[in-house]
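Trainee: I have a structure here, written as structure tokens, and I will follow up with some questions on it.
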Amino acid sequence: MKKIEAIIRPEKIQDVKAALDSLGCVGMTITEVKGRGKQGGVTQQWRGRQYHIDLLPKIKIELVVKTKYVDKVVNTIIESAKTGQTGDGKIFVSPVEKVYRVRTGEIDEEAI
Amino acid sequence: MKKIEAIIRPEKIQDVKAALDSLGCVGMTITEVKGRGKQGGVTQQWRGRQYHIDLLPKIKIELVVKTKYVDKVVNTIIESAKTGQTGDGKIFVSPVEKVYRVRTGEIDEEAI
Amino acid sequence: MKKIEAIIRPEKIQDVKAALDSLGCVGMTITEVKGRGKQGGVTQQWRGRQYHIDLLPKIKIELVVKTKYVDKVVNTIIESAKTGQTGDGKIFVSPVEKVYRVRTGEIDEEAI
Amino acid sequence: MSMEINLLDTMWVLIASFLVFIMHLGFTTIEAGLTRSKNTISIITKNVFTIAMGSIIFMVIGFTLAFSGEGKLIGDLSYFMINGLDSSPWPGLMIPAMAFFLFQAMFAATSATIVSGAVAERIKFSAYILVSVVLVGLIYPIIAHWIWGGGWLSSLGFHDFAGSTVVHSVGGWTALATVIILGPRFGKFDSNGKPQAIAGHNIGLAAIGCLLLWFGWFGFNPGSELALTENVPLIAITTNIAAAGGGIAALTITKFKGGKPDIGMFLNGILAGLVAITAPCAVVSPQWALVIGLIAGIIVVYAVEFIEAKLKIDDPVGAISVHGVCGFFGTISVGLFSSANGLITTGSASQLFVQLIGSVATFGLVFVSALIVAKVIDMTIGLRVPAEVEIKGLDITEFGGDSYPDFIKM
Amino acid sequence: MSMEINLLDTMWVLIASFLVFIMHLGFTTIEAGLTRSKNTISIITKNVFTIAMGSIIFMVIGFTLAFSGEGKLIGDLSYFMINGLDSSPWPGLMIPAMAFFLFQAMFAATSATIVSGAVAERIKFSAYILVSVVLVGLIYPIIAHWIWGGGWLSSLGFHDFAGSTVVHSVGGWTALATVIILGPRFGKFDSNGKPQAIAGHNIGLAAIGCLLLWFGWFGFNPGSELALTENVPLIAITTNIAAAGGGIAALTITKFKGGKPDIGMFLNGILAGLVAITAPCAVVSPQWALVIGLIAGIIVVYAVEFIEAKLKIDDPVGAISVHGVCGFFGTISVGLFSSANGLITTGSASQLFVQLIGSVATFGLVFVSALIVAKVIDMTIGLRVPAEVEIKGLDITEFGGDSYPDFIKM
Amino acid sequence: MSMEINLLDTMWVLIASFLVFIMHLGFTTIEAGLTRSKNTISIITKNVFTIAMGSIIFMVIGFTLAFSGEGKLIGDLSYFMINGLDSSPWPGLMIPAMAFFLFQAMFAATSATIVSGAVAERIKFSAYILVSVVLVGLIYPIIAHWIWGGGWLSSLGFHDFAGSTVVHSVGGWTALATVIILGPRFGKFDSNGKPQAIAGHNIGLAAIGCLLLWFGWFGFNPGSELALTENVPLIAITTNIAAAGGGIAALTITKFKGGKPDIGMFLNGILAGLVAITAPCAVVSPQWALVIGLIAGIIVVYAVEFIEAKLKIDDPVGAISVHGVCGFFGTISVGLFSSANGLITTGSASQLFVQLIGSVATFGLVFVSALIVAKVIDMTIGLRVPAEVEIKGLDITEFGGDSYPDFIKM
Ligand SMILES: Nc1ncnc2c1ncn2[C@@H]1O[C@H](COP(=O)(O)OP(=O)(O)O)[C@@H](O)[C@H]1O
Ligand SMILES: Nc1ncnc2c1ncn2[C@@H]1O[C@H](COP(=O)(O)OP(=O)(O)O)[C@@H](O)[C@H]1O
Ligand SMILES: Nc1ncnc2c1ncn2[C@@H]1O[C@H](COP(=O)(O)OP(=O)(O)O)[C@@H](O)[C@H]1O
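For the record, the sequence lines run as chains A, B, C, D, E and F. Note that UniProt numbering gives residue 39 to position 39 of the first sequence, counting from 1, and the numbers run on in steps of one. Note that UniProt numbering gives residue 71 to position 71 of the second sequence, counting from 1, and the numbers run on in steps of one. Note that UniProt numbering gives residue 57 to position 57 of the third sequence, counting from 1, and the numbers run on in steps of one. Note that UniProt numbering gives residue 377 to position 377 of the fourth sequence, counting from 1, and the numbers run on in steps of one. Note that UniProt numbering gives residue 240 to position 240 of the fifth sequence, counting from 1, and the numbers run on in steps of one. Note that UniProt numbering gives residue 168 to position 168 of the sixth sequence, counting from 1, and the numbers run on in steps of one.
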């Protein structure tokens with residue numbers, strides 16, 4: 001099993017959710033995060049004075065999936081989250097050794 | 001060392017903390033997250049119109065523990081977080097290669 | 001590639017960001033979290049009655065970096081985030097198998 | 001001259017003006033509360049702008065167009081820049097002309113601030129400025145002239161004591177015309193045209209707004225007597241009981257329709273009752289006022305539903321239903337329930353007929369002229385922000401700020 | 001008839017009524033601020049409901065039970081639905097009956113809204129509706145009749161100028177009885193019975209509430225003169241200085257008791273001073289008013305502590321201490337500090353004795369009847385929401401909403 | 001005696017006092033909104049403390065120093081503890097001495113609450129208490145005596161109708177002196193001395209504050225007539241139009257200077273207009289009032305910029321610019337635009353000269369004495385919290401609380 005962590009634009013969350021739905025991939029956990037990278041940040045103002053915020057709001061989606069589905073899921077996320085402009089985000093895939101379902105105690109592939 | 005990530009119901013956080021305490025397992029980091037899965041979401045209303053929220057508030061607990069404690073900790077979490085209804089959450093275990101304590105620079109098992 | 005997760009004091013985020021900047025390490029994702037550990041928590045009061053909060057606000061920085069940079073980045077974070085008092089935080093390093101850039105579909109080291 | 005001034009009346013009208021002023025804070029907070037946090041600076045700036053700009057424009061041009069001259073359709077420029085107004089009594093009243101102006105200025109700006117809620121979360125700030133300037137400087141003064149300034153409707157005997165039509169319907173119909181051109185917010189209707197709920201961000205703010213409006217209405221209606229007479233307590237009572245009735249009716253209906261009592265509709269119901277009683281407040285009994293309030297509270301729930309689901313019009317705070325529709329109902333209710341000449345209370349239909357004429361004529365003028373204004377703006381500087389701006393929120397894009405910088409938001 | 005109306009007095013009573021109205025916004029915001037965000041829609045709906053429903057019920061039945069007839073214990077139905085009230089002067093006053101009614105209606109609803117804070121975060125909305133309807137429609141009118149409507153306590157010379165007992169103690173004791181049946185919130189006491197702090201969610205809202213209440217009290221107390229006399233400035237001063245004294249005393253005590261100045265208790269102390277001065281405001285000097293305020297501010301801190309830690313009663317906003325206990329103290333303080341017949345100021349104990357009788361009799365009637373009402377509700381439709389509902393919060397469960405949908409909460 | 005009391009005037013002054021009271025809620029909310037959430041309890045406690053403490057101190061000592069005796073520089077102790085004040089008319093007025101006192105007490109506390117915003121987010125609570133006690137008990141009374149209490153400036157013909165100098169400049173210059181000693185907030189200037197923006201936390205609260213201040217100003221200025229005369233409507237109009245002008249000017253300037261309309265400056269601009277019109281409100285025409293407002297709105301934008309970028313002084317809410325600088329401008333504007341003797345309106349420079357003398361003398365006395373007070377406090381108990389306390393926020397450290405415990409913050 002693998003964990004897919006996708007950092008995406010907040011405004012894309014509905015599209016990504018819908019795309020994953022149509023893949024039958026419902027389970028996920030999301031977190032509000034802030035990120036920086038190539039994208040330049042934004043300038044805000046406060047009582048006439050400008051200031052720069054380099055950490056921009058992003059959403060992190062975490063999905064644990066069976067290894068064989070990783071490519072499909074990653075591609076789906078890329079397609080539905082892409083705008084082509086800097087700041088679209090990153091996807092990280094990492095190993096997961098065990099999965100448990102709290103409700104039933106089921107483990108690993110049954111628990112996903 | 002392993003990282004245990006447990007997604008649980010927000011209302012269970014006190015119970016889980018207490019259970020981990022009695023295990024002597026104090027260190028942890030928690031994050032407010034939202035999740036979806038088998039659990040159906042909730043219907044809210046706004047000025048008389050109903051709408052559906054499929055991402056429900058959850059809490060993610062992250063603990064890095066020595067490998068030998070993993071089973072004990074996981075079981076303790078399962079016991080204290082279970083209600084038996086869909087939405088109880090998931091636990092993921094994944095490898096951690098190195099751990100540092102910022103304050104002292106200690107590493108690995110000393111740092112946990 | 002490795003993922004570095006650093007849990008630090010919120011008041012240190014500017015210093016850590018600046019230190020990482022000067023290393024040329026710009027990309028990162030941060031999350032507001034709460035943690036407990038050796039640090040004792042705080043006592044607050046509400047209408048004259050005191051209560052204890054054991055989960056204190058922390059910031060989690062996540063960076064995915066090439067394996068060869070791990071030590072440098074970890075040391076930089078330790079230096080810039082340290083105050084010497086309990087509660088300074090932890091750093092965890094774990095494996096990442098694949099990285100994608102959503103915007104371009106680039107993978108792995110090109111995508112970081 | 002000073003012989004004719006009644007200082008007690010003067011004080012009453014001043015205090016009523018201050019109470020109407022605080023309604024602007026009511027509108028600001030209720031509209032901010034019922035919209036999303038990414039547009040809070042935008043809506044607040046618009047509402048505060050409205051009272052500031054409105055005070056100036058109404059002084060420069062609005063007052064004279066509304067309240068001068070002999071014209072049947074519009075005033076003249078004899079009080080341009082309120083030149084000539086002083087502390088001598090305003091004709092027909094025992095208060096200084098200055099006091100009369102102040103009260104009227106506070107009124108004028110409320111009609112514009114009504115629009116602000118309906119167009120929220122997507123109108124360009126520059127476009128809103130134009131709409132509201134035309135409204136306070138021209139459209140509102142014309143209707144005020146017709147009904148209160150000696151124009152043709154006042155000659156006809158049209159009765160709109162405190163402005164169900166002059167203020168509320170004018171605001172509501174301008175809002176309707178503008179949002180038709182403006183279109184719904186991104187995501188308000190799904191691909192099948194089914195309306196979606198877009199929750200506001202702060203119920204506490206909304207409640208502050210609603211109760212401040214109720215509070216301010218004690219200046220709006222009782223103050224419109226423009227003197228402190230023995231009839232004023234009745235006006236305060238009818239105002240209060242209609243608000244109560246509107247709220248209770250709307251709360252009850254949502255409970256039985258949707259399964260749960262709905263705070264948003266409850267607050268809207270209170271305003272609906274207040275808007276409806278505004279025309280008849282001085283000529284109905286407290287008991288009929290309660291009935292008017294209850295009916296308005298029912299109307300507003302179904303009007304919101306209808307406008308959204310059937311007309312596919314997006315009105316984030318329900319301004320069209322509350323001010324337009326219930327303003328219309330309130331105007332008509334004079335003809336139904338007036339102790340002097342209501343159809344139900346006295347059997348005579350003549351007043352009802354006049355009320356209908358006035359309401360329809362107002363609708364016609366306001367709706368058509370607002371439609372033209374909105375269309376012209378749309379074709380020139382543009383009425384609406386681009387989609388990305390709307391999605392990111394107007395605060396960060398048009399105003400460069402964040403209304404709650406310390407908080408983590410969704 | 002119109003000869004006897006004093007329009008100046010009429011205006012004063014109207015304005016005072018409006019100021020009392022705004023106290024409802026004060027209660028709404030302070031109670032919302034001092035409770036958790038998962039119950040904000042619930043508390044707001046209850047408080048806004050209270051003024052809406054209260055206006056109606058008091059018009060239908062409450063007013064006539066309080067202020068009609070010759071009965072020593074309760075009025076009759078001669079003013080049912082306020083039939084017969086008009087603009088002729090209310091007996092003994094120079095203001096229209098309608099103005100008198102409006103002022104009294106605003107008062108009645110405040111006693112119910114006091115209860116709302118104490119029962120917050122766990123009462124069923126339907127149960128709250130019943131409690132408050134009985135309070136405004138029956139219990140409050142009885143006490144008002146006893147003390148202000150020509151009943152037995154007024155014959156005895158009981159002095160409660162603006163309602164330390166009639167309004168505040170009645171609200172406070174009803175709250176006490178109801179929460180005894182209702183029980184504490186989940187988690188308020190740990191397994192050893194030690195009280196736990198449950199922090200509210202918005203200090204800004206709470207401060208808005210406290211200062212709006214202080215503001216509204218300038219209508220509550222000075223308005224209770226029911227005329228604009230030369231004594232009114234004194235009443236405004238005693239009111240203001242007691243509020244100040246109550247706040248400063250409570251702030252100081254918490255600083256020396258708990259180590260840090262406490263904003264929640266500071267706000268409660270201000271209200272304690274206001275509640276206490278409500279009975280004696282017209283008969284004490286500013287200097288004694290300051291003393292009364294200071295004492296009330298001390299009392300409230302210890303009363304909150306005692307009720308929570310010793311009686312194991314959970315009162316989220318301190319309503320029982322502020323309104324019940326300090327209402328009692330204020331009533332007694334007439335007998336202690338009145339310039340005319342206070343024990344300390346004049347050495348005579350007779351007034352004190354009457355004040356004690358009245359306070360105790362009120363406590364008896366209100367506490368017992370509220371206990372019965374709460375018990376009956378509990379045994380029929382149920383007084384309290386199920387535990388899961390309480391844990392999830394009343395907003396999402398009973399009202400289907402979230403008060404701050406854009407924000408991430410704990 | 002009662003022959004000489006005018007009850008209408010009395011009522012007016014009472015109502016004006018209540019309106020001035022609500023300005024304290026305005027200050028509380030605008031200052032809380034414009035600062036960070038980690039200091040919200042701190043700022044709210046300070047502001048609410050100010051009105052509570054101010055009411056007491058002004059009763060004990062402030063009033064007598066300001067308004068008693070024949071001294072040219074300061075009053076005597078004949079009204080210590082307001083002994084001797086009763087319902088007989090205050091000399092020269094037709095209102096009871098008690099009413100005059102109440103109005104003045106509300107005024108005095110506002111000058112202290114101005115300081116609270118400038119010193120926000122870093123002053124020790126105990127130090128703030130001392131500064132504000134000295135201000136309300138000594139500094140303010142001296143200036144009030146000079147200008148309104150029969151002192152040397154009133155003999156000179158200095159005209160400050162409602163307190164541009166007495167209240168606002170006194171508050172502003174005290175703030176200036178205190179923040180000079182106090183120093184800027186951590187992070188306000190970078191290592192090159194470049195000012196950084198430190199955003200406040202709640203624009204909704206700030207807007208509530210601004211509009212409540214505007215509302216309260218209808219008591220502040222028109223109430224300062226201390227009678228209900230035919231001139232009062234004019235005063236209300238000039239007040240309103242200057243507020244509008246100040247806001248519109250500031251909003252427009254920020255748009256053309258910084259690229260985006262700025263809500264914070266917009267609100268500051270409104271207050272700037274109000275502060276400026278406070279001295280001349282009774283002696284200028286509405287047209288000149290608009291000009292005064294517009295100029296004040298421009299001044300405030302540049303003053304904030306100058307104080308921050310050039311003087312390197314940190315004033316989180318702009319209190320020095322709004323109250324100090326625009327108070328000065330308003331005082332001068334009497335000499336420029338007064339219908340009776342303004343330089344621009346009549347060509348005579350003598351009044352302008354007197355206005356300059358008074359403004360400069362006030363600045364001298366207030367600035368120097370506040371500097372001494374702040375320095376003495378700094379050298380004894382300490383003026384400022386330690387750096388760690390400031391970084392963590394004053395709420396958790398000095399007040400043991402969190403203003404929004406349910407929310408996740410940055
Ligand atoms: N090395 C990294 N480690 C963790 N997160 C990163 C890293 N680089 C980028 N990110 C996350 O991805 C987001 C988008 O990256 P950015 O460089 O701005 O855009 P793009 O990937 O399109 O060039 C960032 O805001 C941040 O949250
Ligand atoms: N595949 C997954 N990857 C990541 N998180 C998941 C996944 N499936 C479920 N979750 C998390 O677990 C929570 C509970 O899952 P759910 O399916 O609703 O209940 P249950 O596990 O009891 O059947 C979800 O809200 C989500 O946060
Ligand atoms: N075992 C752990 N797993 C995950 N997070 C931890 C663990 N131990 C500590 N932390 C995180 O690190 C933070 C600092 O730890 P703490 O023990 O208080 O300080 P120190 O490391 O200086 O002794 C905690 O608040 C928590 O967020």
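Heads up, the beta-carbon is just placed ideally off N, CA and C, and yes, glycines get one too.
Could you tell me whether the Cβ of D/Met265 comes closer than 9 Å to any Cβ of chain B?
Mentor: Taking the first residue of the fourth sequence as position 1, residue 265 of chain D is located at position 265. Output row for D/Met265: interface = yes.
Trainee: Would a check of beta-carbon distances place B/Ala18 closer than 9 Å to chain D?
Mentor: Working through the second sequence from its first residue, we reach residue 18 of chain B at position 18. It does not: the Cβ of B/Ala18 has no partner Cβ on chain D nearer than 9 Å.
Trainee: Return the Cβ separation of E/Ala162 and E/Thr64 in integer angstroms, given the expectation that the two are a contact with Cβ distance under 8 Å.
Mentor: Residue mapping note: residue 162 of chain E aligns to position 162 of the fifth sequence, counting from 1. Residue mapping note: residue 64 of chain E aligns to position 64 of the fifth sequence, counting from 1. That pair is no contact at about 22 Å.
Trainee: Exposed or buried, which one is E/Asp190 when buried takes at least 16 other CB atoms within 10 Å?
Mentor: For the purposes of this step, residue 190 of chain E is taken as residue 190 along the fifth sequence, with counting starting at 1. Label assigned to E/Asp190: exposed.
Trainee: Would you call F/Ser2 buried or exposed, if buried means 16 or more other Cβ atoms sit within 10 Å of its Cβ?
Mentor: Numbered from its first residue, the sixth sequence carries residue 2 of chain F at position 2. At F/Ser2 the pLDDT is 43, less than 50, meaning the model places this residue with poor confidence; the figure from the coordinates comes in the next sentence. Exposed, because fewer than 16 other Cβ atoms sit within 10 Å of the Cβ of F/Ser2.
Trainee: Should F/Ser2 be flagged as near chain A, meaning a C-beta pair shorter than 9 Å?
Mentor: Taking the sixth sequence and counting its residues from 1, the one referred to as residue 2 of chain F is at position 2. Residue placement at F/Ser2 is flagged as unreliable, the pLDDT there being 43, under the threshold of 50; the coordinate-derived value follows with that caveat. No, no contact with chain A.
Trainee: D/Val368: buried (16+ other C-beta within 10 angstroms of its C-beta) or exposed?
Mentor: Against the fourth sequence, residue 368 of chain D aligns to sequence position 368. So D/Val368 ends up on the exposed side.
Trainee: Which same chain residues, not among the five before or five after E/Ile51, have their C-beta less than 6 Å away from its C-beta?
Mentor: Numbered from its first residue, the fifth sequence carries residue 51 of chain E at position 51. Only His24, Ala109 meet the Cβ criterion.
Trainee: Using 9 Å as the limit for Cβ to Cβ distance, is B/Ile11 near chain E?
Mentor: Position 11 of the second sequence, counted from the start, is the residue given in the question as residue 11 of chain B. Looking at the sequence itself, residue 11 of chain B is Glu, so the reference to Ile does not match. Yes - at least one Cβ of chain E is within 9 Å of the one on B/Glu11.
Trainee: If you count every other CB in all the chains shown that lies within 10 Å of the CB of F/Leu182, and 16 or more means buried, which is it?
Mentor: Start at 1 with the first residue of the sixth sequence, and residue 182 of chain F comes out as number 182. Counting Cβ neighbours within 10 Å, F/Leu182 comes out buried, since at least 16 surround it.
Trainee: Pull up the distance between the alpha-carbon of F/Pro184 and that of F/Lys392, whole angstroms please.
Mentor: Here the question's residue 184 of chain F lines up with position 184 in the sixth sequence. Here the question's residue 392 of chain F lines up with position 392 in the sixth sequence. C-alpha separation (whole angstroms): 16 Å.
Trainee: Using a Cβ-Cβ cut-off of less than 8 Å, give me the residues of the segment 39-56 of chain C that come near chain E, in sequence order.
Mentor: Flagged, chain order: Gln44, Gln45, Trp46, Arg47, Gly48, Arg49, Gln50, Tyr51.
Trainee: Could you check where the alpha helix (DSSP H) with E/His24 kicks off and where it finishes?
Mentor: By 1-based counting over the fifth sequence, the position of residue 24 of chain E is 24. It spans 7-33 - the alpha helix (DSSP H) in which E/His24 sits, taken as one unbroken run.
Trainee: Quick one: residues in its chain with C-beta nearer than 7 Å to the C-beta of E/Ile270, no 5 flanking neighbours on either side, listed in chain order?
Mentor: On the fifth sequence, residue 270 of chain E is found 270 positions in, with the first residue counted as 1. For E/Ile270, where only same-chain residues beyond five positions count, the Cβ hits under 7 Å are Cys210, Trp214, Ala243, Gly246, Gly247.
Trainee: Looking only at its chain, what residues have a beta carbon closer than 8 Å to the beta carbon of C/Ile77, apart from the 5 residues adjacent to it on each side?
Mentor: For the purposes of this step, residue 77 of chain C is taken as residue 77 along the third sequence, with counting starting at 1. Contacts found: Ile4, Ala6, Ile8, Val16, Ala19, Leu20, Ile61, Ile91.
Trainee: Does chain D have any CB closer than 9 Å to the CB of F/Lys260?
Mentor: Here residue 260 of chain F refers to the residue found at position 260 when the sixth sequence is read from its first residue. Yes, F/Lys260 lies at the interface with chain D (some Cβ there is under 9 Å from its Cβ).
Trainee: Check whether the Cβ of A/Leu20 lies closer than 8 Å to any heavy atom of ligand 3, and answer yes or no.
Mentor: Walking along the first sequence from the start, residue 20 of chain A turns up at place 20. Checking the Cβ of A/Leu20 against ligand 3 gives no.
Trainee: Round the Cβ separation of D/Ser111 and D/Val48 to the nearest angstrom and send it over; I've been treating them as touching at under 8 Å.
Mentor: Counting from 1 along the fourth sequence, the entry for residue 111 of chain D is found at position 111. Counting from 1 along the fourth sequence, the entry for residue 48 of chain D is found at position 48. Contact doesn't hold; Cβ gap of about 16 Å is too wide.
Trainee: For the segment 192-206 of chain E against the segment 26-34 of chain E, do three or more pairs of beta-carbon atoms, one drawn from each stretch, fall closer than 8 Å, so that the two count as touching?
Mentor: They touch, by the three-pair rule.
Trainee: Which chain E residues sit within Cβ distance under 7 Å of D/Ile44?
Mentor: Locating residue 44 of chain D in the fourth sequence gives position 44, where the first residue counts as 1. Per Cβ cutoff of 7 Å: no residues; D/Ile44 is ~15 Å from chain E at best.
Trainee: Using the three-state DSSP reduction, which class does F/Glu121 fall into: helix, strand or coil?
Mentor: Walking along the sixth sequence from the start, residue 121 of chain F turns up at place 121. Coil, per DSSP.
Trainee: With a threshold of 8 Å (Cβ to nearest heavy atom), would E/Gly172 be considered close to ligand 2?
Mentor: As a working mapping, residue 172 of chain E is identified with position 172 in the fifth sequence. Checking the Cβ of E/Gly172 against ligand 2 gives no.
Trainee: With C-beta atoms as the reference, is E/Phe100 less than 9 Å away from E/Val20?
Mentor: The sequence position of residue 100 of chain E within the fifth sequence is 100, counting from 1. The sequence position of residue 20 of chain E within the fifth sequence is 20, counting from 1. Against a cut-off of 9 Å, the Cβ pair of E/Val20 and E/Phe100 comes out as no contact.
Trainee: Per DSSP, F/Leu371 forms a beta bridge with which residues?
Mentor: The residue labelled residue 371 of chain F in the question sits at position 371 within the sixth sequence. In DSSP, F/Leu371 forms no bridge with anything.
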